[in-house]
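Numbering (this note's numbering), first residue to last: 2 to 105.
I have placed the structure first, in the form of structure tokens, so that the comments after it can refer back to it.
In structure tokens, the structure reads:
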């Protein structure tokens, strides 16, 4: 496995420890993380969304994502970008997440 892919996997593992405060599912399985990209071997760019534009955790969740990504050994810089295009809906959830809440 190349270094970028390994670092990306480690960042995803860290993000899977963050749970949405309203839905007891981690934000990765919930489908809030659209992209995790490693740039220049150590900088990480994360494209994410929120369940709604007025999400109560709109301030805290991106900050927590940045903090968790920065905690991964080998990461030198983190950029978190929020987008609502496409808007989140339950079809973005993993099968495991859907099963967990009884929709699969």
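We put the CB at the ideal spot given by N, CA and C, even for glycine.
Whole runs of the beta strand (DSSP E) within the segment 17 to 51, excluding any shorter than 3 residues: DSSP runs (the beta strand (DSSP E)) wholly in the segment 17 to 51: 34 to 40, 44 to 49.
Residue 76 - DSSP class collapsed to helix/strand/coil: Secondary structure of residue 76 (DSSP, three-state): coil.
Neighbourhood of residue 97 by C-beta distance below 8 Å, restricted to the same chain and skipping five residues each side: Hits under 8 Å: 30.
Residue(s) in a DSSP beta bridge with residue 83: DSSP output for residue 83 lists 49 as bridge partner(s).
Residue range of the unbroken alpha helix (DSSP H) whose run includes residue 1: Because the chain is modelled from 2 through 105, residue 1 falls outside the range shown and cannot be assessed.
Minimum C-alpha distance to residue 93 - residue among 36, 60, 69: Relative to residue 93, the option among 36, 60, 69 whose CA is nearest is 36.
Inter-residue Cα distance where the pair is residue 101 and residue 20: Approximately 13 Å between the Cα atoms of the pair.
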